[in-house]
Amino acid sequence: MLKPILILCLGNEIVSDDGFGVEIARRLTDVGNIPESVEVVFAPIAGFALLDLLAGRAKVLIVDTIRTGNAAPGTLHKFAAGVLTPSKNLTTSHQISLPTALEFGRQLGLDMPDDIDVIAVEAEDLETVSEQLTPSVQAAVDQAIRFVWDWISRNATEEITHAN
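Our numbering puts the first residue of the sequence shown at 1, with every later residue one more than the last.
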């Protein structure tokens, strides 16, 4: 039996804009009307540590912070996890990308999700020790929350439909 669909909010609550995932998770859980078929989790982890959270899920939405350098801080990027390229060299834990971790989980025989979407905010500050988001990233929170609720509405309905 599959676990609930997962809203996986990643980041670090004490590194300025990396706290975006924390803020999204807090706002979602504060509302309190999340369907039973959905689980919201904040996790300050990456790489292989994600395997336990992802295993057994049909669908996952990852909320994170990104720095592409190609967009203004506060810009929301929405994409499927499959567009990411796995790491070529696994010399440190920081080089273990999500696709690499997923492929490793599959090779271990874990039931890894095929349907993973990502919403990531373009960061302005990923260096300052602070529990405050920069104004540009804070301004993106409401739009990100709307996107997550829309994603939940589409996917929780699909899960209920598939269960019948």
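Even for Gly, the Cβ is constructed at its ideal location relative to N, Cα and C.
The secondary-structure analysis by DSSP pairs Ile62 across a beta bridge with Leu8 and Val118. Between the alpha carbons of Arg26 and Ala101 lies a distance of about 26 Å. For Phe42, the enclosing beta strand (DSSP E) begins and ends at Val38 to Ala43. According to DSSP, Val137 shares a beta bridge with no other residue. With respect to Leu76, Ala144 sits close: the two C-beta atoms are nearer than 8 Å.
Here Glu23 is buried: its Cβ has 16 or more other Cβ atoms, across all protein chains shown, within 10 Å. Burial state of Ser153 is exposed, judged by a 10 Å Cβ sphere holding fewer than 16 other Cβ atoms.
Your pair Asp115 and Lys59 checks out as a contact, with CB atoms roughly 5 Å apart and the cut at 8 Å.
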